[in-house]
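All remarks here apply to the structure that follows.
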Amino acid sequence: MLQIQYCNGLYGWGKHAFIQTKRGDIFIHAWQRRGIRTDMVDCDYYDWKRGKPWTINAYRGEYMTQYNWA
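FYI, in my numbering the residues of the sequence shown are 8 to 77.
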């Protein structure tokens, strides 16, 4: 139950933040389902999932190098 409350809070916070920037339409809300519209997100993973050819060689062995724990 705690995980559901945490996720609901996180979703609500994110939606509120995006509504303030006039991008609240990025969120999907249905009965017991929540998510984002991936077509509205600039993300290399989503581009790879869509089969965009440049993404095949985009990963060069470095990931989140700005973080010492990664």
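Each residue gets a CB set at the ideal place from its N, CA and C atoms; glycine is no exception. A quick note: this is a predicted structure, and the numbers were derived from the prediction, not measured.
N-terminal and C-terminal residue of the alpha helix (DSSP H) that residue i is part of
i, result
"D54", "51-56"
Limits of the unbroken beta strand (DSSP E) element including residue i
i, result
"K41", "Correcting the residue identity first, residue 41 is Arg in this sequence and not Lys. From DSSP, the beta strand (DSSP E) with R41 extends over 40-43."
"I35", "34-37"
Rounded straight-line distance, which links the Cα of residue j to that of residue i
i, j, result
"I11", "V48", "24 angstroms"
"T28", "Y74", "27 angstroms"
"N15", "Y53", "23 angstroms"
Contact under 7 angstroms by Cβ, residue i with residue j
i, j, result
"I35", "F25", "no"
"Y18", "R44", "no"
"D46", "A65", "no"
For residue i, the three-state DSSP class (helix, strand or coil)
i, result
"A24", "helix"
"W76", "coil"
"I11", "helix"
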